[in-house]
Amino acid sequence: MAHTDPRRSIPRTDHLLDLPEVITAGERLSQSTIRAIIVEAQKAARAGEIPVAEVVPTVIEHLSSRSASSLTPVLNATGIIVHTNLGRAPLSEPARRAVASAAGYVDVEMDLETGRRSKRGIGAKQAILRACPGADDALIVNNGGAALLLAVTALRGDKMSGNDGSAGASDASVAGEIIVSRGELIEIGAGFRLPDLMATTGSRIREVGMTNRTHLDDYAEAITDRTASLLKVHTSNFRVEGFTASVEIAALRELADDHELPLIADLGSGLFEPDPYLPDEPDIASALAAGADVVIVSGDKLLGGPQAGLILGRSDAVQRIAKHPLARAMRTDKLTLAAIEATVANTENPVQDALHIDVDRLRERSERLAGLVSGTVVAHDGRVGGGGAPGVPLPGWAVEMPEELARPLRLGNPAVVARVHQGRCLIDLRCVPEADDDLVGEAVNRARGNHA
Ligand SMILES: *Cc1c(COP(=O)(O)O)cnc(C)c1O
């Protein structure tokens, strides 16, 4: 009999919208998301898939497990600091707060004193220049790839008359050749190759030297009146060992001066100064001191900031790049500007902490975790990862667990991503904030419980 059908007592939408849990969820989720969750639970009850009494708990549970974004925060227990698949650098607390406070209206292009338009991103630029006194000027764009594209496009040899950085932008015949060593033609990420990137602006790459060895003469012999610039690229994701030779920036500077050519150095990662932990990783100060007109680095590698590309160097060169029409298409947003400024104003951030971690302390933490989860502490090398210090091990420790735990750990809440290696699940706390160690322990025990 229809009137006793319990499905007729399915809670109504307005009743569900008035639940305190639903009202609170409104601070995080859009009304359309909330309504969709409600309709889904009502439909499931109508179809007899859940009892009517479960509608309210189902709605509450679905609301609490849903975040506004589909991105899931994870604890990085891989020991890989700049983990590309996990979003590269985690932002520092000051940078996170700066992003949150820039999220609304901000004076990114207004002088509040006069109420007039001001230059965009002045604060971020000044913070970069304070961190890097060797640079006269700086420009921030969306990522390192964009910075490189823009620099090679805008700096096309002072000899190329009439080229003010914009006139020839669409004319391939004046785009000229960029001279780069064959050993430095890198693929920066799956399928993205620097030469292809640069070819999109009509520039041609003139490869010189051999894969393992390139000499100054190789560059010198390749220079013609079509040459637009000299480019030095750090091989940031691989290492050639054995019989090798490459030409330093200082030697290229002399050659560039002889021929009045711009010298661009793509460093990949962004150390402001040399780091004794990473002796082969180039730094901005040294590259500028050696004579690069501009250097290019990513914001979210060793610099520890948001995704961005930084161009630093001589003011005439940086200004020419900033004025190129392409620069507008690569402009960073206010959130990035806020995060960069907060990042470079501090020398500490989670990337630097993980790189310079106290290894004895890491061992103590690992032993404590091993005790909580009945695991074994083993020696384990961390890595810089994602475009920095290839092949350089960062000695440390990990807790070894059975391989089968890796998947339930990834799918747990919080999600924990451990390293799966040679049939083992290795939990490396190097990149885990110490305050979260217990969360990792609880997650492991839950994953084991679910798995058993
Ligand atoms: C990482 C890297 C890039 C690309 O930078 P993104 O910020 O990832 O766009 C370019 N060149 C080198 C040498 C790199 O290491």
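The opening residue of the sequence shown carries number 1 in the numbering used here; numbering runs sequentially from there. Just so it is clear, CB atoms sit at the ideal spot from N, CA and C, and this is done for glycine as well.
Item to check | Rounded Cβ spacing between ARG66 and ILE37 (contact assumed at less than 8 Å) | outcome: For the purposes of this step, residue 66 is taken as residue 66 along the sequence shown, with counting starting at 1. For the purposes of this step, residue 37 is taken as residue 37 along the sequence shown, with counting starting at 1. About 7 Å separates the two Cβ atoms, so the contact holds.
Item to check | Cβ separation of VAL377 and VAL399, assumed to be a contact under 8 Å, to the nearest whole Å | outcome: The residue given as residue 377 occupies position 377 in the sequence shown. The residue given as residue 399 occupies position 399 in the sequence shown. Their Cβ separation, rounded to whole angstroms, is 6 Å, which keeps VAL377 and VAL399 in contact under 8 Å.
Next on the checklist: Quick check: the Cα distance between ASP293 and LEU139, rounded to an integer number of angstroms?
Outcome noted: As a first step, residue 293 is located in the sequence shown; it is residue number 293 there, counting from the start. As a first step, residue 139 is located in the sequence shown; it is residue number 139 there, counting from the start. Cα-Cα distance, rounded: 13 Å.
Item to check | Three-state class that DSSP yields for ASN445 in the structure shown | outcome: As a first step, residue 445 is located in the sequence shown; it is residue number 445 there, counting from the start. Three-state DSSP puts ASN445 in a helix.
Checklist entry - Quick one, are the C-beta atoms of SER101 and GLU348 less than 8 Å apart? => result Here residue 101 refers to the residue found at position 101 when the sequence shown is read from its first residue. Here residue 348 refers to the residue found at position 348 when the sequence shown is read from its first residue. At the C-beta level, SER101 and GLU348 stay beyond 8 Å of one another.
Next on the checklist: Going by the DSSP bridge assignment, what does ILE37 pair with across the sheet?
Outcome noted: For this step, residue 37 is matched to residue 37 along the sequence shown. Beta-bridge pairing links ILE37 to no other residue.
Next on the checklist: What does the Cβ neighbour count give for VAL444, buried or exposed, with the cut at 16 atoms within 10 Å?
Outcome noted: Position 444 of the sequence shown, counted from the first residue, corresponds to residue 444. The residue is buried, with at least 16 neighbouring Cβ atoms inside 10 Å.
Checklist entry - According to DSSP, is GLY145 helix, strand or coil? => result Here residue 145 is taken as the residue at index 145 of the sequence shown, counted from 1. Helix.
Checklist entry - How should ASN413 be labelled, buried or exposed, when 16 other C-beta atoms within 10 angstroms of its C-beta is the threshold for buried? => result Your numbering for residue 413 matches position 413 in the sequence shown. The residue is exposed, with fewer than 16 neighbouring Cβ atoms inside 10 Å.
Item to check | Sequence-distant residues of the same chain with beta carbon closer than 6 Å to ARG80, five excluded per side | outcome: Taking the sequence shown and counting its residues from 1, one reaches residue 80 at position 80. Note on residue identity: the sequence assigns Ile, not Arg, to residue 80. Cβ within range, chain order: ARG383 and GLY385.
Next on the checklist: Using a Cβ-Cβ cutoff of less than 6 Å, which residues in the same chain neighbour ASP5 once the five nearest sequence positions on both sides are dropped?
Outcome noted: Your numbering for residue 5 matches position 5 in the sequence shown. The same chain holds no residue with a CB closer than 6 Å to that of ASP5 once the five nearest residues on each side in sequence are set aside.
Item to check | Where ARG116 falls: helix, strand or coil (DSSP) | outcome: As a first step, residue 116 must be located in the sequence shown, where it is residue number 116. ARG116 sits in a strand when the DSSP states are folded into three classes.
Checklist entry - Can the beta-carbon of LEU197 be found closer than 8 Å to that of GLY145? => result Here residue 197 refers to the residue found at position 197 when the sequence shown is read from its first residue. Here residue 145 refers to the residue found at position 145 when the sequence shown is read from its first residue. Less than 8 Å separates the beta-carbon of LEU197 from that of GLY145.
Item to check | Where the alpha helix (DSSP H) through VAL106 begins and ends | outcome: Numbered from 1 along the sequence shown, position 106 holds the residue referred to as residue 106. Segment: none, VAL106 is in no alpha helix (DSSP H) and carries neither H nor E.
Next on the checklist: Could you compute how far the alpha carbon of GLU403 sits from the alpha carbon of GLY423?
Outcome noted: Counting from one through the sequence shown, the residue named residue 403 turns up at place 403. Counting from one through the sequence shown, the residue named residue 423 turns up at place 423. So the alpha carbons of these two residues sit roughly 6 Å apart.
Item to check | Start-to-end residues for the alpha helix (DSSP H) that takes in LYS125 | outcome: What you label residue 125 is simply residue 125 of the sequence shown in a count that begins at 1. Residues 122-131.
Item to check | Rounded C-alpha distance that separates GLY168 from ASN142 | outcome: Looking up residue 168 in the sequence shown gives position 168. Looking up residue 142 in the sequence shown gives position 142. Caution applies to GLY168, whose pLDDT of 42 falls short of 50 and renders its modelled position unreliable; the model cannot decide the point.
Checklist entry - From the beta carbon of ASP316, is the nearest beta carbon of chain D less than 8 Å away? => result Although the question refers to chain D, the structure presented lacks it and comprises just one protein chain.
Checklist entry - Taking the beta strand (DSSP E) that SER181 falls in, what are its first and last residues? => result On the sequence shown, residue 181 is found 181 positions in, with the first residue counted as 1. From DSSP, the beta strand (DSSP E) with SER181 extends over 177-181.
Checklist entry - The alpha helix (DSSP H) spanning LYS334 covers which residue range? => result Residue numbering aside, residue 334 sits at position 334 when the sequence shown is read from its first letter. Start and end: 334-344.
Checklist entry - Just reading off the beta strand (DSSP E) that GLU207 is part of, what are its end residues? => result Here the question's residue 207 lines up with position 207 in the sequence shown. Note, GLU207: beta strand (DSSP E), 204-208.
Item to check | Integer-rounded CB distance, given that ARG193 should sit under 8 Å from THR211 | outcome: The count along the sequence shown starts at 1 and reaches residue 211 at position 211. The count along the sequence shown starts at 1 and reaches residue 193 at position 193. Contact between THR211 and ARG193 does not hold, since their C-beta atoms are separated by about 15 Å, which reaches or exceeds 8 Å.
Next on the checklist: Please tell me whether ALA98 and GLU341 are closer than 8 Å, where the distance is taken between their beta carbons.
Outcome noted: Taking the sequence shown and counting its residues from 1, the one referred to as residue 98 is at position 98. Taking the sequence shown and counting its residues from 1, the one referred to as residue 341 is at position 341. It is a contact, given that the beta carbons lie within the stated cut-off.
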